[in-house]
Amino acid sequence: MKLYYKHYLLLILSLILLVSSCKENELKQPVSVNFLFSMDSSEYEHLNFNHGILHLSSFTFDGKRAVGDDVFFNIEYSTPLEIEFDEATNIYEELSFDLPQGIYDDITITLSFASSETPVFSLDGTYIDEDDEDDEEIDFIYEDFISTVINIKGISNTNQNQIILDKNNISYPVFKINPNLLFSTITVDEWEDADVEEEEEEEEDFILINSEDNNSLYSEMKDQFSNAISLIFM
């Protein structure tokens, strides 16, 4: 009877270990996760947005799983990764990873932007003077050369509190740039008073916004960038 009892316990323990091992292996199954960049290019009152560029110097992933080990890694780019964003959705091989599947209670991405020669962040578009009889249009360029670090908390497109990564479904989380928020504090009067870069006859005049040109506009906008970017897991 005792021998039978011992065999029974061993069988139960073996089954528990087998199930536990299977669950652990299941939690390690990789999911292809491809981070994308896009921009909400819809017209905002008197502004049209065309195209932007970011220079990414490092990417940090910090994921907290409901079950299983947390996931953390950091990538430093020896040469800043140039990221273009417009109304299309752009994918980059350098931002594609195999991550452990599972239910994530929290995913936070830290993006570090730096560049030695070109702007860390630039955005171009068109200002429409609606007070002008012909709705005169003038191009503008926003530039920021200051290195910055942004922490972005990922959200699910299903409005759930958790993010599910499933090995059977390729994941395409999107960094969405909303320039409307970036320019939301700039009034029409401020646009009207902006200094215009006058070009030669064949070149169009434009408004340049950076730390040296139209600094008052730049000062209002530079702290808005962290609010103008979100991360949605599709």
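Under numbering that gives the first Met the number 0, think of the first position of the sequence shown as 0, with each following residue one higher. Using N, Cα and C, we set each Cβ at its ideal position, and we do this for glycine too.
6 angstroms CB neighbourhood of residue i in its chain, flanking five on each side removed
i      : result
Asn177 : Asp39 and Ala227
Leu8   : Its pLDDT being 49, under 50, Leu8 is placed unreliably by the model, and the measurement read from it follows with that caveat. Around Leu8: no qualifying Cβ.
Gln28  : Gln100 and Lys166
Those residues which DSSP pairs with residue i across a bridge
i      : result
Val148 : Ser111
Glu196 : Phe205
Asp105 : Lys63
Glu142 : Ser121
Cβ shell of residue i (< 7 angstroms), same chain only, five flanking positions each side left out
i      : result
Glu81  : Ile52 and His54
Ser146 : Phe112, Ala113 and Val119
Asn214 : none
Ser225 : Ile149
Whether residue i touches residue j by CB criterion (8 angstroms)
i      : j      : result
Tyr141 : Ile90  : no
Leu35  : Val173 : yes
Ser95  : Glu75  : no
Ser155 : Val32  : no
Assigned secondary structure, residue i (DSSP; H/G/I helix, E/B strand, else coil)
i      : result
Ser57  : strand
Phe205 : strand
Phe182 : coil
Asp165 : coil
Tyr217 : helix
Asp85  : coil
Glu136 : strand
Cut-off 8 angstroms between Cβ atoms - residues of its own chain near residue i, not counting five sequence neighbours on either side
i      : result
Thr184 : Glu219, Met220 and Gln223
Cβ-based burial, residue i [other Cβ within 10 Å; buried from 16]
i      : result
Asp188 : exposed
Asn160 : exposed
Leu16  : The predicted model places Leu16 with a pLDDT of 35, which falls under 50 and marks its position as unreliable, so this point remains unresolved.
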